[in-house]
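According to our numbering, the sequence shown is numbered sequentially starting from 9. Here a beta-carbon is modelled for each residue, glycine too, at the ideal position from N, C-alpha and C. Each remark here refers to the structure printed beneath this line.
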Amino acid sequence: MTKKVVVLPCSGVGKVYGTISREAAYKAVEELEPEKTSITCLPLLVMGDENAEKMVQGSPCIVINGCPSACATLATKKAGGNIVQIIDVTKMLKENRDLKPNQMAIRELDPKGKKLAEIIAEKISQEVDRILDSDKEGGG
């Protein structure tokens with residue numbers, strides 16, 4: 009398989025929802041779908057890194073926004089990325105209100121933050137399979 013889905017997490021350093029988005033992305037890419045996904049650094053994309061831009065332009069992308077500012081989406085669109093799915097951590101939290109993380113748990117997520125990251129990683133995994141299966145059906 010040559011085509012991979014690129015996962016782009018929020019870079020909200022110092023924000024718990026940014027930490028959740030990154031943890032979810034790494035779990036999805038490194039543990040759940042290592043053969044089907046890749047990840048790139050959002051700051052590289054923002055800075056106009058040629059390799060990061062080529063990666064998002066040439067592959068379907070799943071973007072994970074940590075907050076309503078949607079920086080990951082905006083940067084990916086600006087770079088000409090092929091966004092096929094947007095996941096918002098705050099919307100996922102609304103669907104899982106019992107998993108509100110400790111806002112101060114930035115470096116190390118608390119159990120609720122870790123569980124929310126796992127749920128998001130599972131959603132990413134499901135979306136990766138859906139995206140690649142639809143490409144197969146469409147001959148892509």
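Residue 67 carries a coil assignment under DSSP once its states are collapsed to helix, strand and coil. Around the beta carbon of residue 121, 16 or more other beta carbons sit within 10 angstroms, so the residue counts as buried. Secondary structure note for residue 93: its beta strand (DSSP E) is the uninterrupted segment 90-96. The residue from 18, 61, 52, 68 with its alpha-carbon nearest to that of residue 141 is 68. Taking the CA atoms as reference points, residue 46 sits about 5 Å from residue 14. In chain order, 16, 17, 18, 50, 71, 72, 73 place their CB closer than 7 Å to the CB of residue 80, counting only its own chain and leaving out the 5 sequence neighbours on each side.
If the five residues before and after residue 110 are omitted, its C-beta is found closer than 8 Å to the C-beta atoms of 24, 118, 120, 121, all from its own chain and listed in chain order.
Here the stretch 26-36 makes no contact with the stretch 55-66; the two share fewer than three CB pairs at distances below 8 Å. Assignment of beta-bridge partners to residue 16 by DSSP yields 71. For residue 104, same chain residues with a beta-carbon under 7 Å away, outside a window of 5 residues either side, are 124, 127 in chain order. Sequence-distant Cβ neighbours of residue 76 in its own chain, meaning closer than 8 Å and more than five residues away, are 96, 98.
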